[in-house]
Amino acid sequence: MTSGDEGPLADELVDRLVLQRETVHAGMVWDVVREQVDLGDAGVVTREFVAHTGAVGCVALDDQGRVLLLQQYRHPTRILDWELPAGLLDVAGEPPWEAASRELYEEADLRADTWHVLADWQNSPGGSSENWRCFLARGLSAVADEERFVREHEEADIVVRWVPLQGAVDAVLAGRLHNACTVAGVLAAHAASQQGWATLRPYDAPWPEHPAYR
140 MTSGDEGPLA DELVDRLVLQ RETVHAGMVW DVVREQVDLG DAGVVTREFV AHTGAVGCVA
200 LDDQGRVLLL QQYRHPTRIL DWELPAGLLD VAGEPPWEAA SRELYEEADL RADTWHVLAD
260 WQNSPGGSSE NWRCFLARGL SAVADEERFV REHEEADIVV RWVPLQGAVD AVLAGRLHNA
320 CTVAGVLAAH AASQQGWATL RPYDAPWPEH PAYR
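Counting with the numbering used here, you get residues 140 to 353 for the letters of the sequence shown.
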């Protein structure tokens, strides 16, 4: 073990040599792959993980300081959870901010005039290649009734709730909200608000951690 006390605190992209790769399971949305990786002095290891397209979402904040949360059923956890407007990066060539805007439109019937990058994260880097980017969306306006997206499946029964940002933070810290993106996004928005939003990045800030945007 070596000390990591020097230099800026930042994750580092490293390209280890992949000796072999196979698809263990080709899924409906994402695959499970197995790779044999050369770690150098640490030897050769085999790892299985979910090959994920990545996802985006947004903290939609209105002019009263309230954040929009959407409740929908998630079958793997058997929970009606409260989530940010979000979705997969599954449209080829679509920029991340446009994907987040599309999800806000489709799931919440809203548009936003102002977009900033709030935070980036990886939900489970030991078992998934998923990269997640969360935006802050402000300057909100409702989509006209005749222009609204027709939702289906789990999204057909979405419940909408506007919550003061501090109230959402309190719910996270009390253990009443569990969706990882909701937890991370709400806490990041609160932290950024405490610094007068000075930490926000441009909507098109670099995102080299996601392979499609390097």
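Beta carbons are placed, not taken as given, at the ideal position from N, Cα and C, and that holds for glycine.
Where the beta strand (DSSP E) through residue i begins and ends
| i | result |
| --- | --- |
| T253 | 249 to 260 |
| E222 | 218 to 222 |
| G196 | 194 to 199 |
| V168 | That residue, V168, is in no beta strand (DSSP E); it is neither H nor E in DSSP. |
| Y352 | Run containing Y352: none; DSSP gives neither H nor E here. |
| A276 | 271 to 281 |
| V184 | 183 to 190 |
Rounded C-alpha distance that separates residue i from residue j
| i | j | result |
| --- | --- | --- |
| A331 | G306 | 16 Å |
| A310 | D144 | 34 Å |
| A337 | C320 | 22 Å |
| I218 | L316 | 11 Å |
| G226 | L200 | 18 Å |
| Q334 | M167 | 42 Å |
| D248 | H164 | 36 Å |
| N270 | Y244 | 22 Å |
| H329 | V308 | 7 Å |
| P224 | V171 | 26 Å |
| R340 | A258 | 9 Å |
| V289 | T216 | 25 Å |
| T185 | E161 | 11 Å |
| H214 | I297 | 14 Å |
Endpoints, alpha helix (DSSP H) assigned at residue i
| i | result |
| --- | --- |
| A331 | 319 to 333 |
| G306 | 304 to 312 |
Cβ-Cβ distance between residue i and residue j below 8 Å
| i | j | result |
| --- | --- | --- |
| Y352 | W254 | no |
| R277 | A238 | no |
| R173 | W301 | no |
| Q175 | L158 | yes |
| E242 | N318 | no |
| V299 | L207 | yes |
Option nearest residue i by Cα separation, candidates the options
| i | options | result |
| --- | --- | --- |
| A327 | G179, V183, E348, L304 | L304 |
| V325 | G266, F274, D296 | F274 |
| E286 | W346, E246, D177, P224 | E246 |
| W260 | E348, Y244, R340 | E348 |
| P235 | G196, T185, V299 | G196 |
| D177 | Q210, R155, E187 | R155 |
| R272 | P345, E161, V153, W169 | P345 |
| L152 | L339, D202, P264 | P264 |
Would you call the segment 191 to 203 and the segment 281 to 289 touching, i.e. three or more CB-CB distances under 8 Å? Result no; under three Cβ-Cβ pairs closer than 8 Å.
Can at least three beta-carbon pairs, one atom from the segment 220 to 236 and one from the segment 170 to 184, be found at a separation below 8 Å? no
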